[in-house]
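Student: Residue numbers (this note's numbering): 1083 to 2336. We put the beta carbon where it would ideally sit given N, CA and C, even for glycine.
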Amino acid sequence: MTTTTSDFPHDPLTPITGRPTSDTIYTLTCQIYANAKSIETTRGGGDNGHLALVMDPATYLLRAGEAYVVPPNPGPHPDPVAGATNAQITAAANAYANAVTEYALHKKTMKALLHQLLAAVEPTYYEELEDLTFGYADLAPLTLLTHLKTEYGTITDDNLVANRAKLLTTWNPDVCDAGCTVTFTDTNATVHLGPNLLLTGSRDPGNGLWHLDLSSPTAAVATTRNTVQPGPTESAAFTIDHRTSPANLVAFAHASLFSPALSTLHDALRLGYLTGVPGLTAETLRRHPPHSTATTKGHLDQTRKNLRSTKTNIPPPPPNDGDDADDYLPTANPTNERTSHCFAATFEPTGKIYSNLTGKFVAPSSTGNNYILVVYGFDSNTILTVPMRNRSQQSHTEAFRIAHQRLVRAGLRPRLQLLDNECSALLKDFMHDQNLDFQLVPPYLHRRNAAERAIRTFKNHFIAGLCSTDPAFPIHLWDRLLPHAELTLNLLRGSRLNPKLSAWAQLHGTFDYNRTPLAPPGCQVLVHEKPAQRESWAPHATDGWYIGPALESYRCHTVWISETRRERITDTVSFFPKAVALPLATPDDLICASLQDILTILKKPASRSTPLLSPSNQHALEQLLDIFDNSPPPPLKVDTTDSPTPIQSTDSPTPVQSTDSPIPVPSPPGTPRQSNLPLVPAAPLRVPTGDLPPLPNLPDPDPAPLRVAVPSDDTTALSDATFPNLTGPGAQNRQRRAPKKSTRQNRKPPKAPTKPPQPRANPHVTRQQTSTLPQPSHVAAHLATTSFEKLLHDAAVPVTYHMALHGNAFNPDTGKIAEYAELSRCSDGNYWKASNAEEIGCLAQGYKHIKGTNTIYFIPKSQVPRHKTATYLRIVCAHRPEKENAYRVCWTAGGNLIDYPHDASTKTADIITVKTLINSTLSTPGAEFMSGDLKDFYLGTPMAEYKYMRIHRRYIPDDIFEQYHLADILDGDYVYVEIRRGMYGLPQAGRIANDYLRTFLEPAGYHPTEHTPGLWRHRTRPLTFSLVVDDFGVKYVSQDDVDHLLATLRQRYECKADWEGKRYCGLTLSWDYEAHTCDISMPGYVDRALTRFTHPTPPRPEHSPHTWLKPEYGAKVHFAPADDNSPPLDTAGIKRIQEIVGVFLFYARAVDSTMLPALGTISTQQAKPTTNTLTAITKFLNYAASNPDACVRYRPSGMHLHIESNASYLSEPKARSRYAGYHYLSEISDDPGSSDISDCWVTPDRTDCWDPTG
C-alpha cells in the first residue's frame, strides 16, 4: 500500500477558477472519490478504499454495508507482557507494526486528499474554515467538500440549460476516442479495447436504456491512467437518476396505497376518487400494472368451484362472497325502468352503522393495543378503525366513542347501531345517552352484521400493507399504521350517499395528494435533524420508520424515531424503500420543466427583478423569443359555473395561480436519493395560462350583465363587466386611471383656522407614463434589443424602474450578480478597486482625499489577545447609479463570531410619535420643522472592548498596502486589524452609536423623554426632535435653537439638513405654514407595490377595501359567519398574501387608515389562506389601485387626545369580534385640568378616553 499522490488517478485535481459551481463541484467530487477509493484498506468492508474520508457516513454505510471505523492511534510501543513466549512477543510486535502502518496510511491519505482540495479551489471560498492557530491542519477533507457543496453547489437554471445543450449534442464519448469499440444490441451492450472486454451492460426493458456496470472487475484490470477512468459508482453530486419510468411511478403509488387489488384501484381511478397522484391514472395502470407479492398475500382467495369443470350440466357458480365489487362500489338505489319521464331522485340517509371486533393481533403493539374495533358506516360506505388494549367494556366503549365522535363531526350522526350480540351494559348506556338506537344480531348469525364483511375487507387491505413494509420494520408499530391504512382504504371506496365521491371525501373532503403526500408503509427513512436540535458534529439525519402522513400538517410525514422510540412529524425525509424503487425525475423531465419556466419568464418577467444583460445574453434571448413565440395562444375558455365571470381575451396575459408541485432536485454527492415528498416521480407540470378556475364575483350593489370579450389584437382590452381582477405573476399591464379628486373627508375634523388656507403649488412633479416605457409583458424583448446603458440613462424611464437593480452588483462581462472577488477582475475592476481603497481609507487613517475615522488599525498578529477570536471580513458591493460614486463597497465584520453579552437593541421613534410631532409643530405658534441625517453614524463610535479581524492580502489594494507598510506585519496571506470603534456588522454597532450620541447631546441640554422612545427635548430651549436610527425630525421655534442642535451634532458627525422638511421616515411632507397645514403622503408607493405584485388596474373603480356585510338590525340572535371551506392556497399563494399584507401595512398605518380593517381581517387568515382570502386581497388591491395616492392633512389644534371606541359582534371569521378606537387630536377639551400623556404635548379628554393598551 502506498500514499504518494502520484498513485492517485487524478493528480492534481481539475482546478476551479473563480466561484465554484454545481458542475465544477461535481467534477471535483468525482475525482476526489476516485482518488480516495484508490488507496486500499481492509476497513469499511474492504472494497471502497478510503472513500469514507470524503463521503458522509450515512451514504458510505448504505454503499458498503459496513461502517468505516477510523483506526486509533496505537501510541508508543508496548512493553512485552511478563511471561510471554517468543511467539506471543513476535505476534504482538507484528500487530503493533500493522496498527502503526494502518494509522499512518489513514493520516497520510487524509492529508493528501485535503491538500488536493485546497489546491483546487481558491482560498476565498473556504477561508472561513481556517483556524487562527493551526490553519487548515485539523480540517477534514469531508468538511471542506461538504462546505463547497452547501455554499456553492446549488443547481441553477443556467446549469439545466447547459445540461440540455449537452444532451442534444451527438454522443462521442471518451471511450471511443481512446480506441474502444462500443456495441449495442437489443438486450445488452459491450465495450472492447482491442480483444479485451472492458465493460458489459444490459438493457432495461422498462425505459429502453442500456446500463453499464462500472464496477466490473474487467474494467479495473484493463483500465490504466491513459485510458478511460470510470467515475464513482455511487450517486455523485447533482447526478440525475435514469430509473424513472411509468412502471416505476405506478408501482410506487400502488405501494403507497397499501398495495390494493388492481381492479379496485382501477375503478377508483376511473371514477375520480384518486386525483393528483403523480404518474397514476387509469390508463397508466392498465399499461403498467404492478406485479406486487404484497397484493397477492393480502387479497388472494380460494378459487371458485365449478369453473372449467369436466362435468356436464353444471349450474352456474354462486356469487362469490369474496367479490369486492359491491363492497367498494355500492349501489345507492335499485335501477329504475328506463322511461322518457324526468324526475328527481333523492337518497335519504339511514344513519345505520355496524361494528364488531377483530381477533387478537399476532403481537401487542408498543402502546399496549391488541384488538381493532371496526365500525362500518352504511351511508358513506366508510370503514373506521380504532385500536383497543383489551376486550373489556371500558376499552370497547372508549373505542366506540372515538368512532362515533368522528362520524358526528363529519355530519353523519348515527341513528341505528347494529352490533354483535355481545354488548356490555356500559356501551348500552353510552348509546342511550347519545339517543342512538341499537339492535343485537341473533347468536351465530353474523351475516346480518355488515361489519363482518367490513372486517374482512379491512384485514385484506391491512395485511397487504403489512406485507409491503420493510422486512426489518418493527411489528410492534402495527397500530401506528392504522390511520394510513384507513385513509387509503376509504379513498378506494365509493360513497353510497354520493357515488361521485369516495368514502374518505364524504367524511373529510377531497384528499389533496400534493398537500399530503404518501409513501409505502413501514419504509425505512432517514429523518433530518434540524440544526438547532443537533450538535455541531452530529450526523444530519437519524434512522426511523415511515408510519404515515401527517394529515394536519402541510407536506409532512409521521415517522417513528428508532433512537428516541417516539413519533415525530417532519418535513424532510430520505426514503429507502425495499420492495419498489424510489422514482426520480429524468433529465427530460427537468429540461421540459426548465424550458417552460424560461418561456414564462421571457413573456411575463417579474417586475421586481430586472437582470443586467450582456450582449451574449441579449442575443440568446432574441433567439429564445423567436423560438418560443411561435407557440399558439391558449384556446378561449368559457366558464359555465353558477357565478358568471366575464371571459377575457386570450391574447392578453391571463393571471395564473402557480402550482406548488415540487421540482425534483438531484441528490448531493454521497447522499441517498431523497425527497421531502415521495410524489416527485411525476414530471413537473406547469398550469397553462387560463386554467385557473375563476373566482366567484364579489357582491356588487349594481351588477352588470355578463359580457363576453371577443379576442382581438388589443392586448389590453378588458371586459366591461364587473368582476374582481385576479392578481398574480401573469396579470395584465397596469394602466393608470386619470387622477380623480378625492371625496374622502375627515370624519370629525377640527375647527378650521381663522385665516383661510392659501393655494400652494405642489412641489412634486407627477411623472406621466410614456410609450417609451416597456410594458411588463414585453420587458424581455425590450431588453434584448436595447443596451443596458441606454436603458439606465433613458430619461423616459422613471427612477422607480431603476430601483429594480438597487443594491445589486453585476459583472458586466457575464451579466450576473457577483461579489468583490469577481468584480475586481471584471472589465470594471479598476472602479471597484478604487472604491475599495476609499472604503479602507475611511475606516482607517485616511487615503488621498478621504478622511479616516480611525475605526480600524492595522496590527501584527502578535498583538491579538489569546482569548480573542479574530472574525472574518465580508465585502458588500452595490451598484448605486443615483450616487456620486456608483460603485459602492462596504466592509463589514462577521458579526456571528462576535461575542457581545449585553443588550444590543436600540429604541427609536415610531410612526405615532412622528405624527404627533407634526401635529405639535402646527399647533405651536411660530414653530417650523426640518429633517436631517448623520453620515457614517455607525462608524467611529468608541468601544470599551476592542474587536479583531483578519483580512486576506487579495482584498487590500497595492496603494493601501504601501501607504500603511503592511508588508512588515503580513502574517502568511493575512493582515490583522484592531476594531476600536463601531463598524458595520458588529451586533452592538447600533446600540453603542445611539449611546454615544446621548453622551455628547446630554451635556448640551438634550435628553430623551421618560416614556416615549426616540423623542428628545431640550431642557430650556423650545426644541423637540425625534430620532429614527440616524434620521432627525426637528420641531423648532427659533433658528438659533436648531443651529445649536446642528452645531452640537457636527462636532462629531457630518450632518445633512433638509430645511424644508420634505422627507422624513419614508413620508413626504408638504408644509404650508401660512395656512397652518401639513399634508403627509407617500406618492408612488401604491403604484410601485401594485407593479411589484403585477396587479392590473380594475375596469371599474373600487370604493371599498373589503366586502360590505349588510347589518341585520333588530335581530334577536346574531350568528357568526360560516366557516371558510374554500380550497386552500398553495405555498406560493400563501407567501404572496403575506407579502401583500406586509407591504401595505406600513402604508395603511402611515397614510391610509381606511385599509386597516381589511388588512386586519386578511392578516388573521394569512397563515392558512384560501381562495376566499385571494378574493378579499384582490378586492383590496382593486381599492388600492383606485385610490393610489392617499393624503392626510393635519391642522393646528389644542392637542387634546380624543378616543372614540366601538365594537362589532361576531363580525370576523371563527366567531370573533372586532373593536377599534378612533384617535384624534382636537382643540376642544371638556376637562381643562387633564394631565399630559408622557411628557409630550398631548392632553387626553378624560370624558371619552380609555387606556388603549389596557
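#1: Could you check how far apart the C-beta atoms of residue 2029 and residue 2061 are, in whole angstroms? I think they sit under 8 Å.
#2: Excluding the 5 residues flanking residue 1909 on each side, which residues of the same chain have their C-beta closer than 8 Å to its C-beta?
#3: Looking only at C-alpha atoms, which of 1507, 1110 and 1494 sits nearest to residue 1476?
#4: Could you tell me whether the Cβ atoms of residue 1547 and residue 1563 are closer together than 8 Å?
#5: Taking contact to mean 3 or more Cβ pairs, one atom from each stretch, closer than 8 Å, check whether the stretch 2001-2010 and the stretch 2103-2122 are in contact.
#6: If you draw a straight line from the C-alpha of residue 1924 to the C-alpha of residue 1106, how long is it?
#7: Can the beta-carbon of residue 1939 be found closer than 8 Å to that of residue 2032?
#8: Roughly how many angstroms lie between the CA atoms of residue 1268 and residue 1294, to the nearest whole one?
#9: Mapping DSSP to helix, strand and coil, what is residue 2098?
#10: Here's the rule I'm using: 16 or more other beta-carbon atoms within 10 Å means buried, otherwise exposed. How should residue 2003 be labelled?
#11: Given a cut-off of 8 Å, decide if residue 1463 and residue 1496 are closer than it, judged by their beta-carbon atoms.
#12: Whole angstroms is fine: what's the gap from residue 1110's alpha carbon to residue 1240's?
#13: Quick one: give me the first and last residue of the beta strand (DSSP E) that residue 2275 is part of.
#14: Can you name, in chain order, every residue of its own chain whose Cβ lies under 6 Å from the Cβ of residue 1544, other than the five neighbours on each side?
#15: According to DSSP, is residue 2155 part of a helix, a strand, or is it coil?
#16: May I have the straight-line CA-CA distance separating residue 1983 from residue 1453, to the nearest angstrom?
#17: Does DSSP put residue 1089 in a helix, in a strand, or in coil?
#18: Evaluate residue 1118 with the Cβ neighbour count: other Cβ atoms within 10 Å of its Cβ, from every protein chain shown; 16 or more gives buried, anything less gives exposed.
#19: Secondary structure at residue 1640, three-state DSSP: helix, strand or coil?
#20: Since I believe residue 1493 is in contact with residue 1471 (beta carbons under 8 Å), could you give me their beta-carbon distance rounded to a whole number of angstroms?
#21: Helix, strand or coil for residue 1561, going by three-state DSSP, please let me know.
#22: Tell me the rounded alpha-carbon separation between residue 1337 and residue 1664.
#23: Would you mind stating whether residue 2211 and residue 2251 have Cβ atoms separated by less than 8 Å?
#24: Have a look at residue 1645 and residue 1624 and give me their C-alpha separation to the nearest angstrom.
#25: How about residue 1603 and residue 1659: are their beta carbons less than 8 Å apart?
#26: Between which residues of its own chain and residue 2406 is the CB-CB distance below 6 Å, once the five residues before and five after are set aside?
#27: Can you tell me whether DSSP reads residue 1469 as helix, strand or coil?
#28: Figure out for me which residue from 1217, 2110 and 2084 has the closest Cα to the Cα of residue 2095.
#29: If residue 2067 sits next to residue 1976, beta carbons under 8 Å apart, how far is it from one beta carbon to the other, in whole angstroms?
#30: Just to confirm, are residue 2421 and residue 1489 a CB contact at a threshold of 8 Å?
#31: Assuming residue 1460 contacts residue 1535 (C-beta within less than 8 Å), just tell me the rounded distance between them.
#32: Grab the span of the alpha helix (DSSP H) containing residue 1920 for me, first residue to last.
#33: If you run the structure through DSSP and keep just helix, strand and coil, what is residue 1328?
#34: Quick check on the DSSP output: what are the complete alpha helix (DSSP H) runs of length 4 or more inside the stretch 2224-2267, in order along the chain?
#35: Leaving out five residues before and five after residue 1333 in sequence, what residues of the same chain have Cβ atoms less than 6 Å from its Cβ?
#36: Which term fits residue 2191, buried or exposed, when burial requires 16 or more other beta carbons within 10 angstroms of its beta carbon?
Tutor: According to the data block:
#1: 4 Å
#2: 1894 and 1895
#3: 1507
#4: yes
#5: yes
#6: 38 Å
#7: no
#8: 14 Å
#9: strand
#10: buried
#11: no
#12: 19 Å
#13: 2273-2276
#14: 1567
#15: coil
#16: 57 Å
#17: helix
#18: buried
#19: strand
#20: That belief does not hold up - the Cβ atoms of residue 1471 and residue 1493 are roughly 30 Å apart, past 8 Å.
#21: helix
#22: 11 Å
#23: yes
#24: 8 Å
#25: no
#26: Outside the shown range of the chain, which is 1083 to 2336, sits residue 2406, and nothing can be said about it.
#27: strand
#28: 2110
#29: 7 Å
#30: Only positions 1083 to 2336 of the chain appear in the structure, and residue 2421 is not among them; the question remains open.
#31: Actually they are not in contact, since the Cβ atoms of residue 1460 and residue 1535 sit about 11 Å apart, beyond 8 Å.
#32: 1911-1925
#33: helix
#34: 2238-2245
#35: 1372 and 1662
#36: exposed
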